[in-house]
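Following: one structure in structure tokens, then a few remarks.
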Amino acid sequence: MTPQKHQSIIHYYFSAYGGWKAIFRSKYFWFSIVFTAILYPYWHINEWWNDVLDIIPNLLGFTLGGYAMMLAFGNEKFQKILSKINDGDDYSAFTDLNVAFVHFIVLQILSILLALMCKAYYFTIPSSSSFYSLSEYLFIVAVPWYGFCYFLFVYSIVSTFAATFAILRLMKMYQYFLNNE
387 MTPQKHQSII HYYFSAYGGW KAIFRSKYFW FSIVFTAILY PYWHINEWWN
437 DVLDIIPNLL GFTLGGYAMM LAFGNEKFQK ILSKINDGDD YSAFTDLNVA
487 FVHFIVLQIL SILLALMCKA YYFTIPSSSS FYSLSEYLFI VAVPWYGFCY
537 FLFVYSIVST FAATFAILRL MKMYQYFLNN E
């Protein structure tokens, strides 16, 4: 599928990434689910979001710097080769590299936003309140939500591997380019 002029940038990113099929086939996705389950004792209680808000902004800054360096990497001839869409492919190697970073960045931003939301709407019901009996039901709703939000946090960290290997692929391509110029 070639990109259409009217296609939204979010749809383009998700399509180039491979959609839900690519996400559900990703070993990083499944590892993140398992690791989130292992960390249940940590995220099922309140205030886990503080770690997200301490860690992810720093990781995001580092990621954006690395992404900018990756975009400037190589000479014009190499970048032109990377940008070529081969027969039978929907996207270029350049798009694939960019999508790996965009996915990594999107996960980081989502984890920050969800952590902020969890922090903003966290509250306790005092035991003296007539609504205290509702706290049990709120806990039943909050725990799966916390699990999902924490999963995105873990997935955004685990996706560091995918972004790192995207850089390694770029270096490998550049080495091949230099040796066969």
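Heads up, the sequence shown is in the numbering used here, so the first residue is 387 and it goes up one at a time. All residues carry an ideal CB built from backbone N, CA and C; glycine is no exception.
(request) Can you give me the Cβ contacts of residue 505 inside the same chain, cut-off strictly under 6 Å, excluding the 5 residues immediately before and after it? (result) Excluding its 5 nearest sequence neighbours in each direction, residue 505 has C-beta neighbours in its own chain below 6 Å: 435, listed in chain order.
(message) As a quick exercise: from 545, 403, 539, 508, pick the residue whose alpha carbon is nearest that of residue 431.
(response) The alpha carbon of residue 431 has as its nearest neighbour, out of 545, 403, 539, 508, the alpha carbon of 508.
(request) Apply the 10 Å Cβ neighbour rule to residue 419 and answer buried if 16 or more other Cβ atoms are within range, or exposed otherwise. (result) Its Cβ having fewer than 16 others within 10 Å, residue 419 is exposed.
(request) Please go through the same chain and pick out, in chain order, the residues whose beta-carbon is closer than 8 Å to the beta-carbon of residue 537, but skip the five residues on each side of it. (result) The residues 418, 419, 422, in chain order, have a CB closer than 8 Å to that of residue 537 in the same chain once the five nearest residues on each side in sequence are set aside.
(message) Please classify residue 489 as buried or exposed, where buried requires at least 16 other C-beta atoms within 10 Å of its C-beta.
(response) Classification for residue 489: buried.
(request) Taking 9 Å as the cut-off, decide whether the C-beta atoms of residue 477 and residue 402 are in contact. (result) Yes, the pair counts as a contact, with Cβ atoms nearer than the cut-off.
(request) Could you check the C-alpha separation between residue 406 and residue 475 for me, to the nearest Å? (result) Taking the Cα positions, residue 406 is about 19 Å away from residue 475.
(request) Output the distance between the C-alpha atoms of residue 387 and residue 491, rounded to the nearest integer angstrom. (result) Because residue 387 carries a pLDDT of 48, less than 50, the predicted location of this residue cannot be relied on, and no value is offered for it.
(message) Looking at residue 549: is its Cβ nearer than 9 Å to the Cβ of residue 487?
(response) Cβ atoms of residue 549 and residue 487: closer than 9 Å.
(request) Ignoring anything shorter than 3 residues or poking outside the stretch 392-457, list the beta strand (DSSP E) runs there in chain order. (result) Runs of the beta strand (DSSP E) lying entirely within the stretch 392-457, each at least 3 residues long, are absent.
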